[in-house]
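There are 2 protein chains.
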Amino acid sequence: MSQAQAPTAAGTDPAASEQDAYRKKLAADLEDFLGRQREVLEDVSEESVPLLGAVHSLAKGGKRMRALLNYWGWRGAGGDVLGAPAVRSGVALELFQSAALIHDDIIDRSDTRRGAPSVHRHFANRHAEAAWFLDGSHFGSSAAILAGDLCLALSEEAFTSVGDRAGYATRARALFNRMRTEVMAGQYLDILEEVVGPGHEPERAVVRARNILRYKSAKYSIEHPLAIGGALAGASDELLAAYSAFSLPLGEAFQLRDDVLGVFGDPEVTGKPAGDDLREGKRTVMIAYALSAASDAARREITAGLGRPDLGDDAVASLRQIIKESGALATTEALIAEHTEQAFSTLAELAVDEQTRSALKSLAHAAVTRTA
Amino acid sequence: MSQAQAPTAAGTDPAASEQDAYRKKLAADLEDFLGRQREVLEDVSEESVPLLGAVHSLAKGGKRMRALLNYWGWRGAGGDVLGAPAVRSGVALELFQSAALIHDDIIDRSDTRRGAPSVHRHFANRHAEAAWFLDGSHFGSSAAILAGDLCLALSEEAFTSVGDRAGYATRARALFNRMRTEVMAGQYLDILEEVVGPGHEPERAVVRARNILRYKSAKYSIEHPLAIGGALAGASDELLAAYSAFSLPLGEAFQLRDDVLGVFGDPEVTGKPAGDDLREGKRTVMIAYALSAASDAARREITAGLGRPDLGDDAVASLRQIIKESGALATTEALIAEHTEQAFSTLAELAVDEQTRSALKSLAHAAVTRTA
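Structure (structure tokens):
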């Protein structure tokens, strides 16, 4: 699924070749859509254009996992090759993801995103470079709040512009709405867990962490994009249910892999500092396992270190060691393997053409074995 | 237009009586809409419901100016009395306004809204009361970012649920989209002006301040709601142009009045601290006039005081004095009077029935003479 793999595979594998063609149409449609938005901002004032520029820079990157899942959901339900509705809904999903990332990075105090400054850092940097007045960090966050809002509004504008298939009372629209509400609720539970977690029913921590994972990520990143593409192509209830039976465990495995990378990932590959999730105080499923399995002393060290922005490399190394020794890393890997197996066995039986099955298999494989 | 006036006027004036009936339908529809959203959040987790609760508490208050303008825009274009599309679009506009306020209050560091804690303060207070872990102020802002995002998504969900009249490629949808993009661009220009303003082409400060006022407020608060209601009822291009000729100057007068109240308003009536706009560093049209007309010493005092969160009551009183003595208050009042006159003279000729004209007259009067 990574952008480096696709060109190699294309030409030999018809699914990869079609996916490459979709990627190109998606990129062109995103440029076209944002280009017309640029005109609206220019009408307001040339000085407002950098707000869209920040959205544009972020949205043109990324692996396009959500757009691609949406595309194969569409194709698997009989949608035509490179169909315009699946291109435009891909743009909508990628813009929604960009909006979520912009606000997430403020919430998580992340200074980098895809190896570049996050949007709030970008605006704080502009402030510093130009030596503007007042608080540059607050200006950065404020501008990023507005950039995220703009991006969220644009994602919906793109989705509506799919036309009748995404109109009021359609299945696709209902899924799009549910996706938005669920991910915001899931993100709220995530930040709530960070501040409440340490003292709140520790025996239920794993249950809570798995619920958060499901709503803030698994459904929104994997299940909903596939279902939205399918619904746009008029998928039956039966096919949509089969899509979910494949995609929800895949989504859970995907996010569990993300949680492992957030602690054990290589900064050179992830583009984020080592152990970033620890500094952010993320109470992931793996952390919940570690807290329930570690010794008292180790549990105290985890609790004391989590959420400390100034956590040093030695402290990160020590926490990694504890998480490994507690067995939490192995338990998480086992859960990833279990969910992955469930997803692949469902995929093998899925009532879709072989080209779609092949494409979904590649995407699924990349989602759970990735290193960034 | 205030909620206190409406009941008195109803019963004698048919426009006021109809408007009261609309308010009731609007309130009921908002409850119904948010009640169904609550079920979505309950499916995620009971613990996520407070996110919607914060949106609900805010959205059920307010003067409903945008919903009412939308209603009379609808009626003036021949829409039926208490028509469901105008009720639901009113809900969408009020939710959009709530979303903007939630994020604005983070950006402006406003602790109060409508006499109650702002949403980020509300969540920070929950954190403090429950003695949760980590940084309560950051938790408050983060939760409010998510609450605003949810509210923004819900405003669009409500707008789409108006049905075919608000579907893709309709005039109403195009206006709704433009409203969102323009207000976010306008808000960005507003925060940019606060940090760039002091050193940037002072001779153009008034021009910039008037452009910001137009996009961040006048169009979105007054012009667009009236036009959206009209478009939903199938208003002609001619009628929509006439609506704008009335509503844009009215919107400018409305925001200029807001700027005067932000410096000279009575905290008992506005529900916000005295001189709040000065502490927030708002570079309003009135401030731009003051900077261009004041003595060098006075200009330095304004520049030094603007944007200082710790500005005391004496400093506020001194800045008020300077703004008065520079003639900026009088110039602003003259501009309000000029725009108001233009709005009322256009309204007198507007091709709408007399009941709509009467209702718009009351709304316009309240918008420019209000004290809160």
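Chains A and B supply the protein sequences, listed in that same order.
Just so you know, numbering that gives the first Met the number 0 puts 53 at position 54 of the first sequence, and the rest follows in order with no gaps.
Just so you know, numbering that gives the first Met the number 0 puts 210 at position 211 of the second sequence, and the rest follows in order with no gaps.
Virtual Cβ for every residue (Gly too), placed ideally from N, Cα, C.
Cβ-Cβ distance between residue i and residue j below 8 Å
i         : j         : result
Asp104(B) : His119(B) : yes
Ala252(B) : Ile335(B) : yes
Leu318(A) : Ile301(A) : yes
Pro308(B) : Arg278(B) : yes
Ala142(A) : Phe122(A) : yes
Val284(B) : Leu305(B) : no
Gly380(B) : Ser291(B) : The structure shown has nothing for residue 380(B), since chain B only spans 0 to 371.
Ala115(A) : Thr269(A) : no
Val262(A) : Gly274(A) : yes
Lys323(B) : Leu346(B) : no
Gly422(B) : Ile211(B) : This structure leaves residue 422(B) out entirely; chain B is present only between 0 and 371.
Gly229(B) : Trp131(B) : no
Met178(A) : Leu149(B) : no
Proximal residues of chain B, C-beta to C-beta of residue i below 9 Å
i         : result
Leu33(A)  : None at all; the shortest Cβ gap to chain B is about 11 Å.
Gly280(A) : Phe132 and Leu133
Closest Cα partner of residue i within the set the options
i         : options                                       : result
Asp295(B) : Ser325(B), Val367(B) and Ile144(B)            : Ser325(B)
Leu238(A) : Ala76(A), Tyr167(A), Met178(A) and Arg113(A)  : Ala76(A)
Asp352(B) : Ser47(B), Val39(B), Val80(B) and Asp31(B)     : Val80(B)
His55(A)  : Asn176(A), Leu255(A), Leu151(A) and Val315(A) : Leu151(A)
Ala171(A) : Ala365(A), Ile227(A) and Gly261(A)            : Ile227(A)
Ala83(B)  : Arg22(B), Ala350(B) and Thr331(B)             : Arg22(B)
Leu417(B) : Tyr187(B), Glu222(B), Gly162(B) and Leu212(B) : Look at the range of chain B in this structure, 0 to 371, and you will see that residue 417(B) is not part of it.
Phe95(A)  : Trp73(A), Glu128(A) and Ala146(A)             : Ala146(A)
Gly264(B) : Gly162(B), Thr368(B) and Glu181(B)            : Thr368(B)
Residue-chain proximity (residue i, chain A), Cβ-Cβ < 8 Å
i         : result
Met0(B)   : For Met0(B), the predicted structure reports a pLDDT of 38, less than 50, and the residue's modelled location is therefore unreliable. The matter cannot be settled from this model.
Phe132(B) : yes
Leu188(B) : yes
Tyr21(B)  : no
Asn124(B) : no
Ser44(B)  : yes
Ala152(B) : yes
Ser109(B) : no
Val194(B) : yes
Neighbour-count burial assignment, residue i, 16 or more Cβ in a 10 Å radius
i         : result
Glu193(A) : buried
Ser344(A) : exposed
Ala342(B) : buried
Asp257(B) : buried
Val86(A)  : buried
Glu38(A)  : exposed
Gln354(B) : buried
Asp189(A) : buried
Ser109(A) : buried
Gly34(A)  : exposed
Val206(A) : exposed
Ser97(B)  : buried
Asp31(A)  : exposed
Ala366(A) : buried
Beta carbon proximity, residue i to chain B, threshold 8 Å
i         : result
Asp104(A) : no
Gly162(A) : yes
Ala184(A) : yes
Ala3(A)   : Residue placement at Ala3(A) cannot be trusted, given a pLDDT of 41 that sits under 50; the coordinates are not used to answer.
Ser177(A) : Correcting the residue type first, residue 177(A) is Arg in the shown sequence and not Ser. Answer yes: the Cβ-Cβ gap between Arg177(A) and chain B drops below 8 Å somewhere.
Val90(A)  : no
Asn69(A)  : no
Thr269(A) : no
Ala208(A) : no
Glu300(A) : no
Ile221(A) : no
Glu156(A) : yes
Ser47(A)  : yes
Residue i: CB within 7 Å of a non-hydrogen atom of the ligand NAP
i         : result
Ala232(A) : This structure lacks the ligand NAP, and indeed carries no ligand of any kind.
Interface partners of residue i on chain A, CB under 8 Å
i         : result
Gln96(B)  : None at all; the shortest Cβ gap to chain A is about 13 Å.
Phe343(B) : Per Cβ cutoff of 8 Å: no residues; Phe343(B) is ~27 Å from chain A at best.
Ser274(B) : A quick correction: the sequence has Gly, not Ser, at residue 274(B). Near Gly274(B) there are no residues of chain A at all, since even the closest Cβ is about 17 Å away, more than 8 Å.
Val86(B)  : Within chain A, no residue comes near Val86(B); the closest Cβ sits about 15 Å away, beyond 8 Å.
Interface residues of chain A facing residue i [CB-CB closer than 7 Å]
i         : result
Tyr167(B) : Thr159, Ser160, Gly162 and Gly166
7 Å Cβ cut-off: residues of chain B touching residue i
i         : result
Tyr214(A) : Val43
Ser141(A) : Ile106 and Ile190
Residue i: contacting residues in chain B (beta-carbon distance under 8 Å)
i         : result
Leu388(A) : Given a span of 0 to 371 for chain A in the structure shown, any question on residue 388(A) remains unanswerable.
Gly306(A) : Phe132 and Leu133
Val39(A)  : Arg177, Thr180, Glu181 and Ala184
Neighbour list for residue i in chain C, Cβ cutoff strictly below 9 Å
i         : result
Leu100(A) : Protein chains in the displayed structure are A and B, and chain C is not among them.
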